[in-house]
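Residue numbers (our numbering): 3 to 161.
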């Protein structure tokens, strides 16, 4: 994936996250429901997709993206989902909310977020050795040792 594609993907994802978390009227007074471990998005009962749709279309135009599928969830349920663009750069087939995309290196960010959440929850420490959390033995490779820490993998300084 080239640098422009990575930047476009990160910017598009950031726009979606930022806009989907915006409150239409006002922010909640206590956004965190500590009993259930959920965060109130501030969206209220109504969801106005106008700003989100405009941001997605603007980013697609700016970065030359031909396709995107976006969903907004509330309480684990989809409240809005839409596809944008076409399946191929030459205009072949419309993208819909169920179109599947290859995520490729985006999984690195997802894994890092999951590991940081586990660290925040006290399930692991970023200074833990990788081998302490593995249920299988790693194959030996240059640069890999039993002392490698989770943080080293997350910041790409080992492994």
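We put the CB at the ideal spot given by N, CA and C, even for glycine.
Owing to the predicted nature of the structure, the values given are computational and were not obtained by experimental measurement.
If you reduce the DSSP assignment to three classes, tell me which class residue 97 lands in. coil
Which of helix, strand or coil DSSP assigns to residue 114: helix
Take every Cβ of the segment 100-107, pair it with every Cβ of the segment 124-139, and state whether three or more of those distances are shorter than 8 Å. no
Do you know offhand how far residue 75's Cα is from residue 98's? 16 Å
Once the 5 residues before and after residue 62 are set aside, which same chain residues still bring their CB inside 7 Å of it? 70, 86, 87
Coarse secondary structure for residue 60, derived from DSSP in three states: helix
Give the straight-line distance between the Cα atoms of residue 160 and residue 95, rounded to the nearest whole angstrom. 42 Å
In whole angstroms, what separates the C-alpha of residue 125 from that of residue 73? 29 Å
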